[in-house]
Structure formats: structure tokens, C-alpha cells
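One structure is given below, encoded as C-alpha cells.
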Amino acid sequence: SSPRVCIECHADCLTCDGDSANDCVTCNTGGALPTLHKTDSGDSAGTCTTGTCPSTHYELTSSPRVCIECHADCLTCDGDSANDCVTCNTGGALPTLHKTDSGDSAGTCTTGTCPSTHYELTSSPRVCI
């Protein structure tokens, strides 16, 4: 059998699943409040920074702070699925945010007008409920 080889985590990581700065499972605090940025909520690892989550991410209610990137359809979000958009990523087209209920904070982004089963709020960008 071949010998085991252990490779040290990147300096930003307290624990890791690889040796790069993108492989942090937990962050090395270094005296500052760490923030772990993940591309997807299913990812086991991400990149460590300090500070708050950027607007293109949402923050998990956990300690230490973990930020997850919004779905590609969302500019801002409160989750990582396409149904969690708070504002839409325009992508060059006029976005429409579809919500199930007027009290919902998030919905799904599409382009075009509101379907006949929804009403349109007089807002910009377009919101259908």
C-alpha cells in the first residue's frame, strides 16, 4: 500500500478539503470575523474573507457567517434557488419578478408581461402577484 500524504490547508482555512483558498470548510479567524463564501448551498467548501455578505449572496443563519451565491436569475436573493429572487438579474432583458403572494419577499424572475392569472404592481422593475 502507498503511504498517506497530508497537505496543509491554505492559510485562510482552519479546516479544508484541498490546498487552495477555495477549499476552506471553516475559516481561520486571524483576529477578524470570518465569512465563508460558497457558490452553492450544497458545496462543502468555499473562500474565506472578512466582512458581510455581498448583495449577490445571502447569509445563512449560522455561526460562523456563511454566504451563498444567489441563483443566476437573481440580482439579490434570500436563498439559492430560482424561486428566492428579491430582485432580478436583468441579463439585458426587462425582468419580471413573479410572487405567489403580495407578502412574499421573493419570487421567480422571468421576462415579459404578467400572465392573466397575476396582477402587475405599479413598480419598477415589474412585479407580478
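According to my numbering, the sequence shown holds residues 4 to 132 in order. Even for Gly, the Cβ is constructed at its ideal location relative to N, Cα and C. As the structure is a computational prediction, the values presented were derived from the model and not from experiment.
(message) Quick check on residue 130: buried or exposed, where buried means 16 or more other Cβ atoms within 10 Å of its Cβ?
(response) Counting Cβ neighbours within 10 Å, residue 130 comes out buried, since at least 16 surround it.
(request) Tell me whether residue 71 is buried or exposed, calling it buried when 16 or more other Cβ atoms sit within 10 Å of its Cβ. (result) In summary, residue 71 is buried, with 16 or more beta-carbon neighbours lying within 10 Å of its beta-carbon over all protein chains present.
(message) Can you find the residues in the same chain that come closer than 8 Å, C-beta to C-beta, to residue 88, ignoring five residues on each side of it along the sequence?
(response) Result list for residue 88: 73, 74, 76, 77, 78, 79, 80, 100, 109, 110, 111 and 112, in chain order.
(request) Using a Cβ cut-off of 9 Å (strictly closer), state whether residue 92 contacts chain C. (result) Any reference to chain C falls outside this structure, which holds one protein chain only.
(message) I'd like to confirm the pairing. Which residues does DSSP put opposite residue 71 in its beta bridges?
(response) Answer by DSSP bridge pairing, in chain order: 41 and 61.
(message) For residue 15, which residues in the same chain have their Cβ closer than 7 Å to its Cβ, ignoring the five residues on either side in sequence?
(response) Short of 7 Å from the beta carbon of residue 15, and not among the five residues preceding or following it, lie these beta carbons of its own chain, in chain order: 24, 27, 30, 31 and 51.
(message) Give me the residue from 12, 46, 53 and 90 with the minimum Cα distance to residue 59.
(response) Closest by alpha carbon: 90.
(message) If I follow the unbroken beta strand (DSSP E) through residue 98, where does it start and stop?
(response) Element bounds for residue 98: 98 to 101.
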